[in-house]
Every structure is written in C-alpha cells, then in structure tokens.
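Colleague: Input: one structure, supplied below.
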Amino acid sequence: MSNDQNDQVAKIVSLCKRRGIIFQNSEIYGGIQGFYDYGPIGSLIKNNWKSLWLKNNVQQRPDMVLIDGSIITHPKVWEASGHVKNFADTMVECKSCHKRFRPDLLKDSSKCPECGGKFTKGRKYNILFETDIGVIEGEKTHTYLRGEACQTIYLDFQNIVNSSRVKIPFGVAQIGKAFRNEITPKNFLYRTREFEQWDIQFFTKEAEMDKWYEYWKTERMAWYQSLFNQKDSLQFRQHKKDELAFYAKKAFDIEYQTPWGWAEMEGIHWRGDYDLKQHSEFSHEDLSYNDPLTHEKYLPHIVECSGGVDRSLFFLLLDAYQEQKLDNGETRTYLKINPKVSAYKLAIFPLASNKPELVTAANKLFTHLSSKYSVDFDDSSNIGKKYRRQDEIGTPWCAVVDYQTLEDNTVTIRDRDTMSQVRVKIDEIDTWLQKKLN
C-alpha cells in the first residue's frame with residue numbers, strides 16, 4: 001500500500017481504539033496478531049450490524065430459518081468437507097529473518113519485504129486450528145475449530161426438515177465464529193484468525209438453481225448498497241474458470257474498494273449437491289429430501305451467500321469515515337454511518353453539567369427514551385467535546401437540554417452530518433426518531 005492508503009487504515013485503527021470501538025486483543029501483553037476485541041461502542045455497532053442482517057434475511061422472510069451451530073464438530077466433518085485435505089495455503093519463509101509470507105500476497109516474491117532476504121521454496125500447510133477433546137492423555141479425540149461456519153447447516157439439514165414446516169425451496173441462516181490459522185493476518189479486520197461469518201444456505205431443486213442464484217446475487221448486493229454511502233465502491237467480481245471449485249457452475253464475489261484495492265466482502269457460491277452428498281457418504285446417513293407433495297426423493301442443490309461480519313463492518317467504517325474542514329481552521333472527524341447501525345440513535349446532554357435542574361431534565365429524557373432506543377447520556381466536559389465524541393462514534397443526532405427546555409419543554413437536536421439544529425418538543429421526539437429511522 002502507498003503511504004496515503006496506509007494512512008487511511010491507520011486513521012480507522014486509531015479512531016477505533018480512541019473511541020472504544022475495537023481494541024487489539026491482549027494489548028497489555030504486546031498483542032496477538034490476528035485477534036481483536038470489540039469495545040463498548042464497537043459491540044453495539046456490531047450487534048446492530050448483525051441484527052439488520054437477521055431482520056432482512058430471517059425475520060422478514062417466510063422461507064428462511066435460523067440456527068446457531070457448535071464451533072467444534074466431529075472430526076470427520078472436516079474430512080467430508082475437504083478441509084483436512086485441501087484447506088491449505090502456500091507459504092514461503094525468509095532465510096534471514098525467518099518470517100513467513102503467502103507468496104500470492106507479495107508484490108515482489110523474489111525478496112523478503114521485511115529484510116530483503118531470499119525465500120525458501122513454497123510449501124503448503126493446513127490452516128485449520130487443531131484442538132483435542134478429552135482430558136486423559138492417549139484418549140483424547142483430535143479435531144478442529146471450524147474453518148467455516150456453514151458446515152453445521154448441512155449437518156443439521158435433516159433435523160431442520162423433520163422438526164419444522166420448511167419445504168423446498170427454503171434457506172437456513174446462521175451467524176457464527178470461524179477460525180483460520182492465517183500465515184499473514186493483515187489490514188486490521190480484513191484478514192484475521194478469529195472472525196464471524198454470516199451464511200445463507202438456500203436449498204432448491206437443481207432445475208431452479210439458475211433462478212435462485214441470480215435472485216440471491218441481486219438481493220445481497222441491494223442490501224449492502226442500502227447501507228453503504230458510496231454505492232460505486234461495491235462491485236461484483238466473477239470467478240474465472242480456473243478459480244471455480246469442480247462442483248461449481250459459477251461464483252461471484254461482492255467486493256468493496258478498499259484503500260489497498262478491491263477486496264472480497266461476501267461470496268455468492270454455486271455449491272450444487274456436493275455438501276449433502278459428501279456428508280451422506282461419510283456419515284452413512286441418507287440426507288435426501290422427500291417432497292411431501294410429489295413424493296420425489298432427491299438431494300437438494302445449494303446457493304450459498306457467505307460473508308464476513310467483521311470485514312464488512314470494517315468496510316462500513318472505511319465508507320463512513322469523514323474529515324471536514326471547519327471555518328475556524330479545525331478538522332472535524334465523524335462517522336457518516338447509517339443510523340440503523342450506529343451504536344446510539346441519540347445522545348442527550350445537559351447544556352451545563354453544574355446546573356442540577358438541567359441534569360435532572362436530561363436524565364428524565366434519557367429514562368423516557370432508553371426503554372425504546374439505544375441512547376447515550378453525557379454530562380461531562382463542555383458541549384464542543386461532547387459533540388466531537390458523538391461525531392467520532394457515528395451518533396446521528398444529539399439533543400441538548402437547555403434553559404429554554406425548562407420553559408417550553410423543547411430541546412435542540414443537532415444533526416451529525418450537516419451540524420444543523422432544530423427545536424423539537426420532548427413529547428414529539430419519539431415520533432421524530434421513528435420517522436428518521438424508517
């Protein structure tokens with residue numbers, strides 16, 4: 001990356017730490033590469049991000065159900081899926097400093113980017129995290145932390161069909177942790193060793209795969225575009241023939257234009273009947289679907305929509321980051337993030353924290369609104385610093401309780417993006433927020 005590109009990512013990383021959005025895991029011990037913690041603000045933003053996905057793909061659809069699968073599964077799962085045999089990256093090691101790199105991510109594969117040394121020949125290694133079940137040495141079962149979240153959907157397919165009223169075509173959605181022992185975690189949340197995925201596995205007849213594939217391509221892109229500011233920063237990239245899995249007719253990635261180039265955010269994959277066929281063979285259980293109307297028996301085919309929760313949230317932060325030159329020469333930093341995703345919908349301030357009557361009135365408004373909305377209350381520092389903090393965490397509106405409030409029961413509401421202000425009656429704020437959030 002260029003210095004400007006590095007600077008953009010560095011600004012986001014700095015903002016995330018400064019404002020309690022995302023922290024380096026184990027930082028007091030020097031940190032551990034590829035692992036991050038979500039802070040008080042980041043946890044709220046991430047939960048809102050996931051809740052919007054669930055609302056769009058589960059709550060508002062009669063043809064979708066939700067599961068929450070285990071992180072550790074039977075070791076044969078990863079044999080059946082091909083991960084034990086094929087889930088590998090090529091790695092080269094510098095002969096001088098002994099650091100390891102993926103050659104496909106190096107600009108110059110002839111020398112080490114750290115010290116200029118020469119590389120060893122590339123060799124493959126499996127990037128599944130290994131673990132053991134059991135406490136007695138010699139009797140432990142060797143298995144793996146899941147390398148992708150979707151496998152539990154296939155494992156539970158028959159249980160889902162037998163225990164619910166779903167009929168083909170239908171989908172199963174899941175948000176869950178996955179783990180990959182990446183050689184070179186990089187670019188903040190883009191490539192990490194522990195992350196969350198959101199997955200849709202949509203089961204249909206083979207003859208209807210083309211229709212549903214195109215449907216989900218359109219659906220998923222439209223959802224991201226509805227929440228990102230810069231629509232032209234999103235694109236489809238079709239996989240070339242030599243990139244496709246042998247069972248796939250086609251595959252597309254939804255990409256975001258990051259500071260270091262176009263990067264994958266979500267994949268729309270043609271999985272066919274490969275996964276159910278593999279698990280049927282390895283488990284010796286018939287995972288066929290019996291159509292209750294036609295009595296036809298077959299293995300469903302699958303359209304998969306699999307995206308990274310963390311990396312898409314990182315892209316959302318990149319998309320939202322704004323710097324604005326003010327008339328006084330200062331630069332205002334703010335996150336122009338969709339109010340549906342922001343940690344707080346409204347922040348409430350007393351104009352002066354040393355005036356008990358204003359603090360009491362602000363507290364009363366907070367109590368009234370907090371039962372329905374995520375709102376913040378701040379009676380510290382001066383009003384300018386309060387605005388600055390809320391701007392940097394992306395709070396779309398701030399309500400100031402002032403002396404006029406005590407006279408006419410109105411507050412000043414300031415808009416994050418335009419900094420314009422309006423007076424709104426306290427008993428009308430609920431309706432005002434509902435209109436803004438719809």
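Note that UniProt numbering gives residue 169 to position 169 of the sequence shown, counting from 1, and the numbers run on in steps of one. Note that beta-carbon positions come from the ideal geometry of N, C-alpha and C, so glycine has one too. None of these values were measured; they are calculated from a predicted model.
#1: Determine the closest residue to N438 out of L227, N25, R180 and E214, with distance taken between C-alpha atoms.
#2: Suppose you measure from the CA of W49 to the CA of V341; what does that come to, to the nearest Å?
#3: Drop a sphere of 10 angstroms on the beta-carbon of S70, count the other beta-carbons inside from all chains shown, and report buried for 16 or more, exposed for fewer.
#4: Given a cut-off of 7 Å on the beta-carbon distance, is the pair L287 and Q158 in contact?
#5: If you check the beta carbons only, do Y256 and L234 fall under 7 Å apart?
#6: Would the beta-carbon of G147 fall within 7 Å of that of R180?
#7: Along the beta strand (DSSP E) that carries P350, what are the first and last residues, could you check?
#8: What number of angstroms, rounded off, separates the C-alpha of K436 from the C-alpha of I413?
#9: If D199 sits next to A149, beta carbons under 8 Å apart, how far is it from one beta carbon to the other, in whole angstroms?
#10: Using only the alpha-carbon positions, how far apart do M1 and H269 sit?
#11: State yes or no: is the C-beta of A80 within less than 7 Å of the C-beta of H279?
#12: Three or more C-beta pairs closer than 8 Å, one from the segment 121 to 129 and one from the segment 180 to 197: is that the case here?
#13: Would the beta-carbon of F236 fall within 7 Å of that of F246?
#14: Does DSSP classify S26 as helix, strand or coil?
#15: If I measure Cβ to Cβ from Q390 and keep anything under 6 Å in the same chain, skipping five residues before and after, which residues do I get?
#16: For V166, does the three-state DSSP call read helix, strand or coil?
#17: Could you please give the first and the last residue of the uninterrupted alpha helix (DSSP H) stretch that includes E357?
#18: Helix, strand or coil: which one does DSSP assign to C115?
#19: Using DSSP's beta-bridge definition, name the partner residues of S306.
#20: Report the residue ranges of all alpha helix (DSSP H) runs contained in full by the segment 32 to 60; include only those spanning at least 4 residues, in chain order.
#21: Given a cut-off of 7 Å on the beta-carbon distance, is the pair F282 and K85 in contact?
#22: Which residues mark the beginning and the end of the alpha helix (DSSP H) in which R102 is found?
#23: When the Cα atoms are used, what is the spatial distance from E392 to A207?
#24: Given 8 Å as the limit, is there contact between the segment 285 to 299 and the segment 158 to 173, that is, 3 or more CB pairs closer than that?
#25: Given a cut-off of 7 Å, decide if V13 and F170 are closer than it, judged by their beta-carbon atoms.
#26: With DSSP run on the structure shown, which of helix, strand or coil describes F314?
#27: Would you say the segment 313 to 327 touches the segment 347 to 360, given that touching needs at least three Cβ pairs under 8 Å?
#28: Indicate, with yes or no, if the ligand PLP has a heavy atom lying under 6 Å from the CB of Q174.
#29: In angstroms with no decimal places, state the Cα-to-Cα distance between Q60 and R388.
#30: T258 and G34 - do their beta-carbons sit closer together than 7 Å?
#31: In chain order, what residues of the same chain have a beta carbon less than 8 Å from the beta carbon of M209, not counting five sequence neighbours either side?
#32: Determine the DSSP secondary structure at residue 449, reduced to helix, strand or coil.
#33: Can you find the residues in the same chain that come closer than 7 Å, C-beta to C-beta, to S96, ignoring five residues on each side of it along the sequence?
#34: Express the C-alpha separation of T410 and Q404 in angstroms, rounding to a whole number.
#35: From the DSSP secondary-structure annotation, give me the bridge partner or partners of C94.
Modeller: Put simply:
#1: L227
#2: 6 Å
#3: exposed
#4: yes
#5: yes
#6: yes
#7: L346 to P350
#8: 13 Å
#9: 5 Å
#10: At M1 the pLDDT is 48, less than 50, meaning the model places this residue with poor confidence and gives no usable figure here.
#11: yes
#12: yes
#13: no
#14: coil
#15: A347 and C398
#16: coil
#17: P356 to S370
#18: coil
#19: D199 and G267
#20: 40 to 54
#21: no
#22: Element bounds for R102: n/a, residue is neither H nor E.
#23: 50 Å
#24: yes
#25: no
#26: helix
#27: no
#28: Among the components of this structure there are no ligands whatsoever, and the ligand PLP is therefore not found.
#29: 36 Å
#30: no
#31: K249, W270, G272, H301 and V303
#32: As displayed, the chain neither begins before 1 nor continues past 438, which places residue 449 out of reach and without an answer.
#33: C112, C115 and G117
#34: 7 Å
#35: F119
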